[in-house]
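Working notes, structure below.
Number of protein chains: 2
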Amino acid sequence: MNYYPGLGYSQGVTTAGTARETTTRTGPGAARQHTLRERNLELVARAVYEVPEPLSRAGVASATGLARATVSTLVDQLVAAGLVRELPAVTGGRAGRPAVPLVPAPRSVVGLGLEVNVDYLGARVLDLTGEVVSEQVVPGALHDSDPTVVLRRLGALARDVSDGVAAAGMTVAGARLALPGLVDPRTGLLEVAPNLGWSSLDPVPLLGLGDLDVRIANEAKLAALAELAGGSDVAAPDSFIFVSGDVGIGAAIVVDRELFLGERGWNGEIGHVVVDPAGPRCSCGAFGCLEQYAGKEAMMRAAGLPPDSALSALVACLTESGTAGPAGGRAALPAGRALGSALADFVNLLDVSTIVLGGAYTELLPWLRADVVEVLADRVLSAPFVDLDVRAAQAGPQAALTGGARAVLQAVLADPAAWV
Amino acid sequence: MNYYPGLGYSQGVTTAGTARETTTRTGPGAARQHTLRERNLELVARAVYEVPEPLSRAGVASATGLARATVSTLVDQLVAAGLVRELPAVTGGRAGRPAVPLVPAPRSVVGLGLEVNVDYLGARVLDLTGEVVSEQVVPGALHDSDPTVVLRRLGALARDVSDGVAAAGMTVAGARLALPGLVDPRTGLLEVAPNLGWSSLDPVPLLGLGDLDVRIANEAKLAALAELAGGSDVAAPDSFIFVSGDVGIGAAIVVDRELFLGERGWNGEIGHVVVDPAGPRCSCGAFGCLEQYAGKEAMMRAAGLPPDSALSALVACLTESGTAGPAGGRAALPAGRALGSALADFVNLLDVSTIVLGGAYTELLPWLRADVVEVLADRVLSAPFVDLDVRAAQAGPQAALTGGARAVLQAVLADPAAWV
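From first to last, the protein sequence lines are chains A and B. Residue numbers for the first sequence follow my numbering, beginning at 3 and rising by one. Residue numbers for the second sequence follow my numbering, beginning at 3 and rising by one.
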């Protein structure tokens, strides 16, 4: 398990590890061979989804190299399946039949992202246009929680959201459950989530979502998939380290628009990189891990706030202290140097020069940036020769919910024949 | 620049980033398209080189799916070019013409590996069978040395070795120069080698090797290529972290038999991972880097030896101290815990579970292993679920010399038509 395939497309909403590929790795035998028709259907769907300007059938034929008659049949099937929508015909400048622009179908087939994190539960539904059509995020204090109780609550949340979109005529194609720990996609097991206090757990049945296809993934990996889709006006970089900073701190590695997953996808555990061997004991059992300096609760404590305070309280506290803030330049958060130190290790080991800070770090970046940049400049061997770029994530709050929903939709687009 | 292509073969001597692929990335335009004949020639050469049992022409035809007559012509060309050798014909069990076994040609076309490290200069010639046919390794103290002087000396060494093998009728196909620092294969520049005190340097012209095709690469990356070829009786793992421990400490990442290089190949700089932020200042300018605890000179100092002592002196010292050694189990080298800490960060960030210790660490492993294993168990989040495997390198001393020579020969095999 090296790369999630299926991430190589540079535009559009298609940014996810795909169910089909997961099947390839985890199924009992070789993956099903796709027929020519199935491949052509995928080609046509990708053309509609990935070319920024809406294409007509003729445009799709030109973009794919397929015959016009073939394209027309396949487009009709995608329209009937609810994956592609026809806009009103427009008459072009040239003579001939008016062209019918084809676009991703809104509010038709949708993906469900689910997440258990240490301080919230969430469910979010995205449609094929990338729009959020429904979501519920519920704050909670889930340290050392009972997984049966928590997952049953999330299951109820998920049913609530799913029932709502189903009542509006949408079809939920599947779900991804983001967890802040080591998950094994082959077995569906969560091995360990230190901050939740969960281990050796089969979470999907506890959700009680019946026949819905639910798969689990690491929170930071799904958040990075959301990030890969880019912001409203800024495209994602091709290669970056995505760091998701909450109570726990996870990371994902994207190289050439592909997630790099090491041997099992158990990489990016930056929260447990050594900052100071003489530091405090971490939930993982080791001493001086990054989480003990730059995890959300550690940052709250350093600011004199209760550890389960809302992020807004920390931001207010930082804003009020005159010495810091966006205008200041110097950081007021001791977390900045610790985060810089762990990131410097990451860059020295990996050679990826763009660092995207997500989770709570997105909002805290003005108070972190100066220290992070300074430590990177001091510690990264290649710093004099590379433009190290530390930037805020574009994907918005609870990005793993967005990434999970996108992963489901990517699986749909990778095998549209299953929907036709 | 993500992967060196051309590493996907699981057997034989062909384990290197290829010159052809380098050309693809760095040349002014698209790579030259290979003709069908050129591709078939490569197929035939690979069959001879990669199938463990010597094949006859008929066996090559069967292994490649090419017609017998085509194979026969191509084999004749490879024999004439000195890339393939015919063994005496053997009569098989069945009736028919005796089969002529084909093997890699010994002492014909050879590759030259060159290296400047902090405590030695070296040149090593390998032939297509993987045998070392000539080498010279000269100890030296090259801290903060004059690159012009050092590279001229290495050039003289290289000429000496090359002239010797040429006089014996061999053809040097090219050379790779291994350097302990950040090299840019696109420009051929060494950006920085902290322990040599070299920076912003174009080293190849200083060798004075005339028209010989010399390319530069990072020392640990070339050593990992040598390691990928496997030992005399143990195959290399498919995925591993290779750590080259000398005065400086470098690393290479191999996933699914491919070097993972990040964005520029400037990864694996484990020597500069934080072990203790309150630690001593490193040659890179930062504090508490791994090199300050587990670099060769740091280990010598910790043992009360002069920093430029030979490795054998340290081994003798460790062997004599009754408390430690292969039989002991507890490590006597303070470097072990520091190395374990940096390796734990590496595994947490990367998820590669086999660690191959090369350079001086190979011989020191009996005194390092217990501490390394203990710290990995304490600090790696996935340790309870993964068999972390810490093992000694198989590739022998100055592995980058071997890897460099192999890289040259891999380039030959990737484009045998250039030799026909």
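Glycine included, every Cβ here is placed at the ideal spot set by N, Cα and C.
Beta-carbon within less than 6 Å of residue i's beta-carbon, same chain only, minus the 5 sequence neighbours each way: which residues are those?
i	result
alanine 63 of chain B	Arg70, Val73
valine 275 of chain B	Leu292, Ala344, Asp347
serine 355 of chain A	Val388, Leu390
glycine 338 of chain A	Leu370, Asp373, Val374
glycine 405 of chain A	Leu224, Ala225, Leu227, Ala228
aspartate 129 of chain A	Pro108, Arg109, Val112, Val135
aspartate 310 of chain A	Ala143
proline 308 of chain A	none
proline 336 of chain A	Ala304
leucine 403 of chain B	Gly115, Glu117, Gly124, Arg126
glycine 29 of chain B	Because glycine 29 of chain B carries a pLDDT of 31, less than 50, the predicted location of this residue cannot be relied on, and the following value inherits that uncertainty. Hits under 6 Å: none found.
leucine 184 of chain B	Glu193, Val194, Trp268
aspartate 240 of chain B	Asp258, Arg259
valine 50 of chain A	Val86, Leu104
proline 196 of chain B	Ser285, Cys286
phenylalanine 262 of chain A	Ile255
Give me, in chain order, the residues of the same chain whose beta-carbon lies closer than 7 Å to that of residue i; leave out the 5 immediate sequence neighbours on both sides.
i	result
glutamate 229 of chain B	Ala238, Phe244, Val358, Gly360, Ala395, Gln396, Ala397, Ala401
valine 139 of chain B	Tyr122, Gly124, Gln400
alanine 340 of chain B	Val277, Leu292, Tyr295, Ala296
isoleucine 251 of chain A	Val245, Ile272, Gly273, Leu292, Glu293, Ala296, Gly297
valine 167 of chain A	Val112, Val127, Val135, Ser136, Val174
aspartate 148 of chain A	none
valine 410 of chain A	Gly113, Leu114, Ala175, Gly176, Ala177, Arg178
valine 77 of chain B	Val46, Arg59, Val62, Val86, Leu104
leucine 383 of chain A	Asn350
proline 100 of chain B	Ala91, Val92, Thr93
proline 56 of chain B	Leu89, Pro103, Leu104, Val105
Can you find the residues in the same chain that come closer than 8 Å, C-beta to C-beta, to residue i, ignoring five residues on each side of it along the sequence?
i	result
glutamate 44 of chain B	His36, Leu415, Ala416, Asp417, Pro418, Ala419
proline 282 of chain B	Phe289, Gly290, Gln294
alanine 47 of chain A	Leu80, Leu85, Val86, Leu415, Pro418
Start and end of the beta strand (DSSP E) containing residue i?
i	result
threonine 364 of chain B	Threonine 364 of chain B -> not in any beta strand (DSSP E); alpha helix (DSSP H) instead, spanning 362 to 381.
Any idea which residues DSSP pairs residue i with across the strands?
i	result
arginine 393 of chain A	A:Val358
phenylalanine 348 of chain B	Answer by DSSP bridge pairing: none, since phenylalanine 348 of chain B is not bridged.
glycine 124 of chain A	A:Glu117, A:Val139
cysteine 291 of chain A	A:Val276
arginine 283 of chain B	B:Phe289
valine 134 of chain A	A:Leu128
Which stretch, first to last residue, makes up the alpha helix (DSSP H) that contains residue i?
i	result
valine 62 of chain B	59 to 66
glutamate 44 of chain A	38 to 52
glycine 405 of chain A	401 to 416
valine 317 of chain A	313 to 322
glutamate 299 of chain A	298 to 304
Using the beta-carbon of each residue, which ones in chain E are nearer than 8 Å to residue i?
i	result
phenylalanine 244 of chain B	Although the question refers to chain E, the structure presented lacks it and instead comprises the protein chains A and B.
Ignoring anything shorter than 3 residues, give me the beta strand (DSSP E) runs that lie fully in the segment 153 to 238 of chain A, in order along the chain. 173 to 181, 184 to 186, 191 to 195, 200 to 203, 216 to 220
Give the list of continuous beta strand (DSSP E) stretches no shorter than 3 residues that lie fully inside the segment 69 to 120 of chain A. 86 to 88, 104 to 106, 111 to 118
Is the segment 98 to 107 of chain B touching the segment 73 to 87 of chain B, taking contact as three or more C-beta pairs under 8 Å? yes
Between the segment 211 to 222 of chain A and the segment 157 to 173 of chain A, are three or more C-beta pairs nearer than 8 Å? yes
Runs of 3 residues minimum, wholly inside the segment 240 to 273 of chain A: which ones carry the beta strand (DSSP E) assignment? 242 to 247, 251 to 257, 260 to 262
Could you say if the segment 374 to 381 of chain B and the segment 195 to 211 of chain B meet the contact criterion of at least three C-beta pairs nearer than 8 Å? no
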